[in-house]
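Contents: one structure, followed by commentary.
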Amino acid sequence: MSHTVLVCDDAIFMRTMISDILQQSGFEVVGEAETGVEAVAQYKKLRPDLVTMDIVMPEMGGIDAVREITKFDPSARVLMCSAMGQQALVVEAIQAGAKDFVVKPFQPSRVLEAVQRVLG
Amino acid sequence: MDLSRYADLFLTESREHLSAMNHLLLALERAPRATEPVAELFRAVHTVKGMSATMGYGAVTTLAHEMESLLDRVRQGEREVSADMMELLFQGADALERAIARAVAGEPDPAESVTVAAALRDFAAAAPARKAARRSKAAPKAPRVRATAPRAKRPAVRGTLLKVRLKEGVVLKGARAFLVVKRAEAVGEVLAVEPSVEALQKEEFDRDFGIRISTRSSADKVAEVLRASGDVESVTIEGAPVAPAMSAAAAPVPDAPAAPTRHVRIDLRRLDALMNLVGELVIARGQLQQLAGASADPALEETVTQGARLIGEMQDEIMRCRMVPVAQIFDRFPRLVRDAARDAGKQVEFVAEGQESELDRSMLDEIGDPVMHLLRNAIDHGIETPADRTAAGKPAAGRVTLSISRERSAATIRVSDDGRGVDRDRVMTKARSLGLIDAAVTAITDEQLIKFISRPGFSTAARVTNLSGRGVGIDVVATRVRSLGGSLEIRTVTGKGTTVTARLPLTLAIVRAMLARVADETYAVPMTHVTETVELSAAQVRTVQGREALLLRDDVLPLVRLREKVTLGASSAPMQQVVVMEVGERRAALVVDELAGQQDIVVKQFDPVRGGLPLFSGATILADGAPALILDVGSLL
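Heads up: the sequence lines are chains A and B, in that order. For the first sequence, my numbering begins at 1152 and goes up steadily by one. For the second sequence, my numbering begins at 409 and goes up steadily by one.
Shown next, in the form of structure tokens:
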């Protein structure tokens, strides 16, 4: 069984790219979300093995979404997708329960490494 | 990774964000203290920044970054929105748009990217920031860090000291270090972190930091865990070196099924190619129908009829796929109106109606510019200055309305203003000087008016402005609309305003046409302009003001002989036919040798020829494989 992933980002561009990277390595992208609210709802519905989470999103940002998801499922595995210069936000996300982070611009190998760490 | 296949997606999505940014900037300009537009602007710019960094578009990333920084200061309440700032942000949005276009096209970055980015940076740095406010907002959760990871204040004598070295050039190394500390916390009690967690977060360290930990697991085990936390070069236990961290490279899981998708994205070029193919199919259908009709084989005829119906359905379905909301194009107009009004020193309230309508993409691509010219004309020549308006008893702010509606077979686009109206006297003076009207004429109709001002180079604008004065007038719009198979109408009332209405076919690709023959040639007349056909009888032909005219019921229509237009000799045909043509409210009777029925034709547009071919708007291949020219009805009237 391949691992299931929920990809959360408000940009289709980013969702497509992350999905492509993961699918090419055999992950199954079971859902996408473009807002924090959607991310939480999708998580509860799909219970994916992994969530990739953008920090800046409309309707509840990524950090609050991580908080909600971890509250619902303390074992949730969330990988934050951050931009450069978002150090404080990344730290906050980790405190909220995120397991790891990758920094944009993404390199597929870095993303996959981080994913393996989170799942491993 | 091959990024080129993401370029289109990047462009599409960036455009959406740019469009949103322009709307948000306009909203912010109206309400400079509103927080919501700032937050959304920040988000839009931030998204563009992230995407462009991924694509490796440096200039775009830098611009977006500087805009983001300035917006962040506004968001944090450190800066107030000023007129100067708005101007700079608008400039930034424009520069961003151009930089994106250049980057995607693979062209060198525009020089303005650098200057605008620098201007944004200088502006953001100019006023002193209230640092306290920024700090407290930027890292609101700092105290909690202390609670979970105690600093080295307590005497750290117990436990094991693990020295961690991060890899060279780690991005966000503070957060990375923090993650290592978090991992350590998961396997034991972290007694101390050196330097402090706060210092780590602020990146006040090079690559090395220490974690003193009390744990039941072996030190090796803990080191193993820490090494696996990513970007860790080595972990050393109390001075004893440990082998460098193994790269936690991802092991791809093979043979996974592709993820289910609910919709697919289609390259527009594919859709265009499909449309072209259907166009060819439509032609083939015509040929098949002719052959089947001639064969007198009922079974064949029935099959062909069924096939023809299916091709028709397919055409409808593909046409529907190509429909896009006009908002995609019209989105940029509020910004355009704002800029134009500012440049002209006028106040304009802009109303857009019917943005939810859908049009064929080919048409939508074409009408953007004509509509832009009409709007600029309305602001530049229609709307008066606030002083003039007040003096005339009107509200200081003028109103420009853009509305679009779709009927069964045509789209109507209307631009109206409540300005001064077209100056009939000046148009008449100019028309007289060009010999278009008699010196004795003292009044002209709206039809004459549009005919005059649609003439290339006919402009009453005395001064040249940044906007409509660049030789872009109603004549350019009229020519464009006509070449699209549409028509233009104008209604103007002095002192009350002007309304320009463009009627356009729903698609450019396939039109229904009446086929008319003159001598051995076949010509196509688009059905959108055909109202009826009649047989020509000599008794109906009159001479009015030295010109031939057709008496049709109560109307007198100008008579146009196609033979003469295409410079063929007089007809020897015993009976001639008349096609009654209509563009807007103007009508004319076109005399041809014979009619050859109706047909769907696939329009192949001509490249505009300078001064040539005023009679034809394009060409097509008929069902029998013969080429035919498509008449430009507007130029015949």
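By construction, the Cβ of each residue, glycine as well, lies at the ideal position given by its N, Cα and C atoms.
Here's the rule I'm using: 16 or more other beta-carbon atoms within 10 Å means buried, otherwise exposed. How should residue i be labelled?
i	result
residue 427/B	buried
residue 1175/A	exposed
residue 683/B	buried
residue 901/B	exposed
residue 463/B	buried
residue 768/B	buried
residue 753/B	exposed
residue 934/B	buried
residue 882/B	buried
residue 1251/A	buried
residue 924/B	buried
residue 833/B	exposed
residue 895/B	buried
residue 875/B	Because residue 875/B carries a pLDDT of 37, less than 50, the predicted location of this residue cannot be relied on, and the following value inherits that uncertainty. Buried, since its Cβ has 16 or more Cβ neighbours within 10 Å.
residue 1028/B	buried
residue 485/B	exposed
residue 898/B	buried
residue 674/B	exposed
residue 1000/B	buried
residue 1005/B	exposed
residue 1026/B	buried
If we ignore side chains and look at the alpha-carbon of each, how far apart do residue i and residue j end up?
i	j	result
residue 973/B	residue 945/B	20 Å
residue 978/B	residue 971/B	7 Å
residue 762/B	residue 1178/A	44 Å
residue 727/B	residue 1165/A	30 Å
residue 1156/A	residue 472/B	30 Å
residue 718/B	residue 412/B	38 Å
residue 936/B	residue 1188/A	50 Å
residue 495/B	residue 478/B	13 Å
residue 820/B	residue 914/B	10 Å
residue 893/B	residue 912/B	7 Å
residue 954/B	residue 966/B	11 Å
residue 1235/A	residue 1254/A	6 Å
residue 780/B	residue 830/B	18 Å
residue 514/B	residue 732/B	27 Å
residue 947/B	residue 959/B	9 Å
residue 1260/A	residue 636/B	15 Å
By the three-class DSSP mapping on this structure, what secondary structure does residue i have?
i	result
residue 852/B	coil
residue 1242/A	helix
residue 1023/B	coil
residue 1270/A	helix
residue 680/B	helix
residue 571/B	strand
residue 1204/A	strand
residue 761/B	strand
residue 975/B	coil
residue 445/B	helix
residue 914/B	coil
residue 1251/A	strand
residue 1035/B	strand
residue 983/B	coil
residue 617/B	strand
residue 395/B	Missing from the structure shown is residue 395/B; chain B here goes from 409 to 1045 and no further.
residue 642/B	strand
residue 734/B	coil
Is the closest heavy atom of the ligand GTP to the C-beta of residue i under 7 Å?
i	result
residue 799/B	Because no ligand of any kind appears in the structure shown, any question about the ligand GTP cannot be addressed here.
Taking Cβ to Cβ, would you say residue i is nearer than 8 Å to residue j?
i	j	result
residue 1239/A	residue 1204/A	no
residue 509/B	residue 570/B	no
residue 989/B	residue 938/B	yes
residue 808/B	residue 786/B	yes
residue 626/B	residue 599/B	no
Under 8 Å between C-beta atoms, does residue i make it to chain C?
i	result
residue 1268/A	No chain C is part of this structure, whose protein chains are labelled A and B.
**Prompt:** Got a sec: which bits of the region 1237-1260 of chain A sit with their beta carbon under 8 Å from any beta carbon on chain B, in order along the chain?
**Reply:** 1237, 1238, 1239, 1241, 1242, 1243, 1245, 1246, 1251, 1252, 1254, 1255, 1256, 1257, 1258, 1259, 1260
**Item:** Cβ-based contacts, 9 Å cut-off: residues of the region 1159-1171 of chain A near chain B
**Value:** 1160, 1161, 1162, 1163, 1164, 1165, 1167, 1168, 1170, 1171
**Prompt:** In the region 1184-1215 of chain A, which residues sit with their C-beta less than 7 Å from some C-beta in chain B, listed in chain order?
**Reply:** 1207, 1209
**Request:** Output, in sequence order along the chain, the residues in the region 410-433 of chain B whose CB is closer than 7 Å to any CB in chain A.
**Result:** 414, 417, 418, 421
**Item:** chain A contacts made by the region 451-465 of chain B, where a contact means CB separation under 9 Å
**Value:** 451, 454, 455, 456, 457, 458, 459, 460, 461, 462, 463, 464
**Asked** Listed in chain order, which residues of the region 572-603 of chain B have Cβ atoms closer than 7 Å to some Cβ of chain A?
**Response** 579, 580, 582, 583, 586, 587, 590
**Prompt:** At a Cβ cut of 8 Å, what residues of the region 629-644 of chain B count as close to chain A, listed as they run along the chain?
**Reply:** 636, 637, 638
**Message:** Against chain A, which members of the region 678-697 of chain B pass a CB distance test of less than 9 Å?
**Reply:** none
**Message:** So if I threshold CB-CB distances at 8 Å, which residues from the region 1220-1233 of chain A count as touching chain B?
**Reply:** 1233
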